[in-house]
Structure formats: structure tokens, C-alpha cells
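Which chain is which? The protein sequence lines are A and B, in order.
In terms of numbering that gives the first Met the number 0, the first sequence is residues 0 to 188.
In terms of numbering that gives the first Met the number 0, the second sequence is residues 0 to 292.
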Amino acid sequence: MKVGVLGLQGDFREHLQTLQSLEVEARDVRTIDQLNETQGLIIPGGESTTISLLMERTGLMDALQKKAREGFPVYGTCAGMILVAKEVTNYRKSYLSLIDISVRRNAYGRQVDSFEADLNIKSVGLFRAVFIRAPQIERVGAKVEILAEHNSLPVMARQKNILVSSFHPELTGDTRIHEYFINMIKKEA
Amino acid sequence: MEKQQGTFKVKSGLAEMLKGGVIMDVVTAEHAKIAEDAGACAVMALERVPADIRAAGGVARMADPRKIKEIMDTVTIPVMAKCRIGHFVEAQILESLGADYIDESEVLTPADPENHIDKWKFNVPFVCGARDLPEATRRIAEGAAMIRTKGEAGTGNVIEAVRHMRLMNKQIREVMSASFEELVHLSKVWGAPLDVLQALKEKGRLPVVNFAAGGLATPADSALMMQLGCDGVFVGSGIFKSKDPAKRAKAIVMATTYFNDPKVLAEVSEDLGEPMKGLDIATLKHEELMQTR
Numbered sequence: 000m001k002v003g004v005l006g007l008q009g010d011f012r013e014h015l016q017t018l019q020s021l022e023v024e025a026r027d028v029r030t031i032d033q034l035n036e037t038q039g040l041i042i043p044g045g046e047s048t049t050i051s052l053l054m055e056r057t058g059l060m061d062a063l064q065k066k067a068r069e070g071f072p073v074y075g076t077c078a079g080m081i082l083v084a085k086e087v088t089n090y091r092k093s094y095l096s097l098i099d100i101s102v103r104r105n106a107y108g109r110q111v112d113s114f115e116a117d118l119n120i121k122s123v124g125l126f127r128a129v130f131i132r133a134p135q136i137e138r139v140g141a142k143v144e145i146l147a148e149h150n151s152l153p154v155m156a157r158q159k160n161i162l163v164s165s166f167h168p169e170l171t172g173d174t175r176i177h178e179y180f181i182n183m184i185k186k187e188a
Numbered sequence: 000m001e002k003q004q005g006t007f008k009v010k011s012g013l014a015e016m017l018k019g020g021v022i023m024d025v026v027t028a029e030h031a032k033i034a035e036d037a038g039a040c041a042v043m044a045l046e047r048v049p050a051d052i053r054a055a056g057g058v059a060r061m062a063d064p065r066k067i068k069e070i071m072d073t074v075t076i077p078v079m080a081k082c083r084i085g086h087f088v089e090a091q092i093l094e095s096l097g098a099d100y101i102d103e104s105e106v107l108t109p110a111d112p113e114n115h116i117d118k119w120k121f122n123v124p125f126v127c128g129a130r131d132l133p134e135a136t137r138r139i140a141e142g143a144a145m146i147r148t149k150g151e152a153g154t155g156n157v158i159e160a161v162r163h164m165r166l167m168n169k170q171i172r173e174v175m176s177a178s179f180e181e182l183v184h185l186s187k188v189w190g191a192p193l194d195v196l197q198a199l200k201e202k203g204r205l206p207v208v209n210f211a212a213g214g215l216a217t218p219a220d221s222a223l224m225m226q227l228g229c230d231g232v233f234v235g236s237g238i239f240k241s242k243d244p245a246k247r248a249k250a251i252v253m254a255t256t257y258f259n260d261p262k263v264l265a266e267v268s269e270d271l272g273e274p275m276k277g278l279d280i281a282t283l284k285h286e287e288l289m290q291t292r
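Rendered as C-alpha cells:
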């Protein structure tokens, strides 16, 4: 099994290091050929506008959308969650539209409002989460399972092969959410 | 534990999110929009680009708050702004405006002859310039959550950024091979705080993100700095002092992601129009250098 991390922009190195610490084969993905080597993909934190422009310029947007609609597992963190959401309420468009949620970009405010907080995550447990200029999940569809909330708002969710979190487990050194995603890939395979 | 804001993890974390990206200097909301549409991961709001600061002379200060607000209202990507070295009140003002990052920058005229800002006192993160590892470690000790090479801003000449990056790399290798007592000695001769050197050695790299800045003007310049090991790039005058800023900006974004792929670099470098003219560093007098501030 090889797990990809979209390496166009953002903190992909931290995701790769987390996967490698779990002794999982991992690689950065910048082309469609590289995407096709992998059995699952993490879209890291970063700037969703930058990552989306690069995905469009390289054809990765269409290629990934097609694969994910056929069951390929994808985990989007922060910017990655914006990219896989069905709707981005305060922006001009949606991108991959893979999970039935509506998200609001930068909903917690500017950088000075970024924060750390403890979450209780379903089938993971207590988790110290880092939110950086984070997006908020404003609506979840009937088929979406909420895995964690903060202040009564969902911050982690899953619909079949698509997992999202508005926070950054890759910055914490805690590998449990990556393990959860690896289990999703194993079940898919 | 309760919700916490302004922690070092949160401050340095935003820099982690900017990695692999291009931060572009902008002086108007219109510039900012062009930068965002080209794929900039953040913009730096300032009164004039460094090349114009150089040409104008006089004292360069923090930008007009109205300009910063206009830029923040126009783009959704992070907005950085510059304050003078040591001018903690300019920094307080920028924090209250909601700037996402403050650059305590040698491009502006320094306000304190000896001291930099105590950056631990702020919830907003800071980026600072450095010419070598000792300078970087002092800035980190003061609370900087991100470092960039100083290079020589406003010249369109990459040589100083290369000099600073290579020197930092060499000094990092020195730290990596040093025993504890040698590290204490390095700390003394370099004027570098020992705890930061220890953190570096433990991590195997600088404990915060390190971008390249100061003189980058082409996609190849950006890829050069990325191949030398920096985490991302700042482009100042290089974009909006060129003939076709939108096209050049897009090309530099592509080059920063595909820095290891000469085919892509060739493609994006084609037909970009006139770059900024640029300056030979050797023609600058010592007092005209910004990096020594």
C-alpha cells in the first residue's frame, strides 16, 4: 500500500513524516502519474486557492475527482477539506465536490484567532487539535457522519471514502487520525 | 485543556501552511487580486515595493492602515505587513488591524539601533530576515515564528539570497556535526543562543520555516532557491516591476511547486516579457545595502 500526499503547496512534508513514522510507504503527488501509483490521498493544509489553481493547471482536479467518485480514499485537512466539500458558502465556487458538506473559509477569523483545543473524536478519543485560519463546517448532509465537534460545530466528518478535518493532526505528532485514514484505505483495498 | 490562542504552534503552524508557496509584495488592492489569482499563498502589503523604496530614499515606514485594510478586504489569502525593526508600536497597530503575519523588515528604515521587537508578547506571528544562522537563531530566540533570507531587496539580483542560503546551510551542517561542547563554543563565537542551536540539532533543520527573499525576479530564481533547500519564496519588486506581472506571477508559482522539473521550468519561463531591470550589487555603496540593517 502506498499513500499519497498532494505536494503542490502547503504542509505536505508533515503529513509524509507522520505516515513514514507509521512505517507506511508514502509519496508526494504532483502529477497524475504519481497519483495513480497511490491507493489513497491526503490533501494537506495550505492555501486552498493556490492548491486549486495548481490542480486545475495540471489536470489533477479532474483526475482525482474521477478516482474519488469510484471509491478512492481521500482525506482533506483544512485547505484540503475546502477542496473536497460540496459547497464553499463564502466563496465563488466549489472544487472537487466529494462530500456533502458546506464549509465557510476562514470562519474562525484571522490568524490572531487561530487556536489549539481538545476534541473528543469518535473511535479515536481525546485529541489536541490545532486550528489555523480554519474553515468551519456549516451544514452536513444526511449521509455524512460527524466524528468530532468543537463548540457544537462539526470539525471532523466522513462520508464513505472521504474524510475531512478542519484542523491539522499532522502538526501535533499524534498519529491516530492518520492511522484511522490508513484503516479506511485498507478496507477499500 | 482549554482553548489557547497565540501559541508558538499556532504561529509557526501558519508558516508551515505557506510552504511551497510564493508570497508576493503588493501595494494596492488591485495588485493583491492579481497575486491571489496567480496562486500566491499570501501577500505582503506595503506602501512601495523595495525597488521604489530604494529609488525614493528617505525614511521608509509601515504602510497606511487604510491600504492594509483594503487589501485584507480584497483577498482571502493571508495578508502580511511590514514594520520597522524594533518598532513595536507599528507592530501593535498591525496586530490590531488583523494582519496575519508581521515582517519585522530591514526593507524599512530601522527604528531601534540595537534591539529587535520582543515578539513573544504578540499573538500575531512574526517573520524576520537573516543573512546567516546566528542571525536567524537570535530572531527565533526573540520569538520569530518564521525566517527568510535577507538577500538584497529591490535589486532583482538573486546573488545575495544565494549567499545567505548557502551560508545558512553550511552552518546548519556545522551544528549537525558538533558535539555538545563544540555547540557551546559555536554559540559563543557566533553570538547564537545555545537553546536554539540545540533545538536545531535535535530537529535536523531550522526549528521554523525558512523562506528565500531579496532579489528573486524569475521562475528560475525561485526554483534555484527551492533547490538550495528553502521552504518557499518571497517575491518583492520582481513581479510588479516587470512588464507582465500576472503572467510572471503565475510562472513563479508553477516554478516554486515544480522546482525540480526543468521541463516545467522551461515551459513557464517562455515569453514572460521584460523582467525588472535589476542592479549589480557591486555598484551599491555600503550605506545603500538593506541587508546590513
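Positions of the beta carbon are idealized from the N, C-alpha and C atoms, including for glycine.
Predicted, not measured: the structure shown is a model, and the values here were computed from it.
As assigned by DSSP and simplified to three states, the class of residue i
| i | result |
| --- | --- |
| E266(B) | helix |
| Q16(A) | helix |
| E103(B) | strand |
| M289(B) | coil |
| P64(B) | helix |
| R132(A) | coil |
| N209(B) | strand |
| E137(A) | strand |
| Y107(A) | coil |
| S164(A) | strand |
| A222(B) | helix |
| A129(B) | strand |
| S11(B) | helix |
| K32(B) | helix |
| D260(B) | coil |
| V102(A) | strand |
Beta strand (DSSP E) segment containing residue i, residue limits
| i | result |
| --- | --- |
| E86(A) | A84 to V87 |
| E134(B) | It is not in any beta strand (DSSP E) - E134(B) instead sits in the alpha helix (DSSP H) that spans L132 to A140. |
| A44(B) | A41 to A44 |
| G75(A) | V73 to T76 |
Rounded distance between the beta-carbons of residue j and residue i, thought under 8 Å
| i | j | result |
| --- | --- | --- |
| V74(B) | K32(B) | 7 Å |
| F258(B) | M289(B) | That belief does not hold up - the Cβ atoms of F258(B) and M289(B) are roughly 26 Å apart, past 8 Å. |
| L93(B) | M61(B) | 7 Å |
| K246(B) | G272(B) | 7 Å |
| K249(B) | M275(B) | 17 Å between Cβ atoms; not a contact. |
| I100(A) | V139(A) | 5 Å |
| M0(A) | I184(A) | 6 Å |
| A143(B) | V207(B) | 7 Å |
| D99(B) | K81(B) | Incorrect: roughly 13 Å between the Cβ atoms, too far for contact. |
| L118(A) | H149(A) | 6 Å |
| E141(B) | D111(B) | 12 Å between Cβ atoms; not a contact. |
| T49(A) | G38(B) | 5 Å |
| S113(A) | I131(A) | 5 Å |
| G85(B) | G277(B) | At roughly 30 Å, the Cβ-Cβ gap does not stay under 8 Å, so G85(B) and G277(B) are not in contact. |
| S47(A) | A78(A) | 4 Å |
Range covered by the alpha helix (DSSP H) that runs through residue i
| i | result |
| --- | --- |
| T148(B) | Careful: T148(B) lies outside any alpha helix (DSSP H), inside the beta strand (DSSP E) at M145 to T148. |
| T294(B) | In this structure chain B extends from 0 to 292, so residue 294(B) is not present and cannot be described. |
| I116(B) | First-last for I116(B): undefined, no H or E at that position. |
| I280(B) | Careful: I280(B) lies outside any alpha helix (DSSP H) and carries neither H nor E. |
| R175(A) | R175 to E187 |
Beta bridge counterpart(s) of residue i as assigned by DSSP
| i | result |
| --- | --- |
| D51(B) | Looking at the DSSP assignment, D51(B) forms no beta bridge with any residue, so it has no partner. |
| N119(A) | L125(A) |
| P153(A) | E148(A) |
| M23(B) | V42(B) and V234(B) |
| K1(A) | E24(A) |
| F114(A) | F130(A) and Q4(B) |
List, from N- to C-terminal side, the alpha helix (DSSP H) runs of 4 residues or more that fit wholly inside the region 4–70 of chain A. 11–20, 31–35, 47–57 and 59–68
Runs of alpha helix (DSSP H) wholly within the region 70–102 of chain B (minimum 4 residues, chain order): 87–96
Taking only runs of the beta strand (DSSP E) that begin and end inside the region 168–211 of chain B, which ones reach a length of at least 3 residues, in chain order? 208–210
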